[in-house]
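Structure first, then comments.
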Amino acid sequence: MVQLKSDGTVCDYTTYLGGNNFDDLSGLAVNSAGDVYVTGSTTSNDFPMSPTTTPSLSKQIIGLYDAVVLAINTNSVSLQPARDTTVCAFIPLTLSNNASGIGTLRYVWSDEAAGNTTIGTTSEITFTPTVSTTIFLSVKDDNNRPKYAKYKITVKPIPTITTIDEKRTCVGNTMTLTSIAGDPKNIMSWYDDVASTTPVGNSSTFITPNLTKSVTYFVEQRIQPQVALASVNQ
Numbered sequence: 499m500v501q502l503k504s505d506g507t508v509c510d511y512t513t514y515l516g517g518n519n520f521d522d523l524s525g526l527a528v529n530s531a532g533d534v535y536v537t538g539s540t541t542s543n544d545f546p547m548s549p550t551t552t553p554s555l556s557k558q559i560i561g562l563y564d565a566v567v568l569a570i571n572t573n574s575v576s577l578q579p580a581r582d583t584t585v586c587a588f589i590p591l592t593l594s595n596n597a598s599g600i601g602t603l604r605y606v607w608s609d610e611a612a613g614n615t616t617i618g619t620t621s622e623i624t625f626t627p628t629v630s631t632t633i634f635l636s637v638k639d640d641n642n643r644p645k646y647a648k649y650k651i652t653v654k655p656i657p658t659i660t661t662i663d664e665k666r667t668c669v670g671n672t673m674t675l676t677s678i679a680g681d682p683k684n685i686m687s688w689y690d691d692v693a694s695t696t697p698v699g700n701s702s703t704f705i706t707p708n709l710t711k712s713v714t715y716f717v718e719q720r721i722q723p724q725v726a727l728a729s730v731n732q
């Protein structure tokens, strides 16, 4: 069997099958996916099988001829294994798959959560997930035969903060502020300015310095690198 490029200029694939005796391959059909099916008969008792030991009965001559049905897939595309990923929402994520195959490979990435919209046509894509989704990859070779991979993307929930109350005290006193994280494993940080990047405390409980005027403290809960922010007025 020989497979030629669509313009007839190149032999993309060739193979032969047979045993030690008479083989008659009398029918050939190709389905819409490009799989080739060949039918015929043989009197060979060593007709190639894969694996070689299964099924053993099909390699024995039971009568004058044995029927032969062959299914041949000439897809040359080989993909790298896909890996599932857990990420934070709104953070850019890069996926890549350096496939190999005959001729120029054509990539199509699509996002299930976006209605299977195409989000890339190269071996690497960068996109920003906002919800959990599945990314599908299709790669075709010069034979127009596709191979598929899928990547399950799980987006972590945005952290929540509860028990934020406005409190009052007398001038000169300290005050204990408490905030409960949505997940006890998350990081709690307290700030005395909304634009500050240096926390004044790092736990669910924060004791203020002696207060001489009204002040607002901000508490942040973080699942790196996600943030939920709240404020407490003093």
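The opening residue of the sequence shown carries number 499 in our numbering; numbering runs sequentially from there.
Don't be surprised by glycine CBs; every beta carbon is placed ideally from N, CA and C.
Annotated three-state conformation of E718 is strand, per DSSP. Ranked by Cα distance from Y563, the options T583, N519, C586 are led by N519. Residue pairing of A647 in beta bridges, as defined by DSSP: L635.
Judged by DSSP in its simplified three-state form, E610 adopts helix.
Our two residues, T541 and V567, have alpha carbons roughly 14 Å apart in a direct line.
In the DSSP assignment, E622 falls within the unbroken beta strand (DSSP E) covering 622-625. The Cβ-Cβ distance between I721 and N671 does not fall below 8 Å. Nearest in C-alpha terms to D691, of all of I570, F716, S598, is F716. Three or more Cβ pairs closer than 8 Å define a contact, and the segment 606-619 falls short of that threshold against the segment 571-579. Annotation for L709: T667, V669, G670, N671, T672, M673, Q732 place their beta carbon closer than 8 Å to its own, counting only its chain and skipping 5 residues before and after. In this structure, DSSP gives T537 an extended state, which the three-state scheme calls strand. Per DSSP, reduced to three states, the secondary structure at L675 is strand.
Take L526, set aside five residues on each side of it, and the residues of its chain with a beta-carbon closer than 6 Å to its own are V536, in chain order.
D521 carries a strand assignment under DSSP once its states are collapsed to helix, strand and coil. By the criterion of a C-beta distance shorter than 6 Å, S598 is surrounded in its chain by S576, once the five residues flanking it on both sides are discounted.
As computed with DSSP, A565 is found in a beta bridge with S539. Sorting S524, L591, N641, F634 by C-alpha distance to the C-alpha of K648 places F634 at the top. Annotation: the continuous beta strand (DSSP E) that includes C586 extends over 583-586. In the displayed model, K654 falls within a strand according to three-state DSSP. With 16 or more neighbouring CB atoms inside 10 Å of its own CB, E718 falls in the buried class. The DSSP-derived three-state label of G699 is strand.
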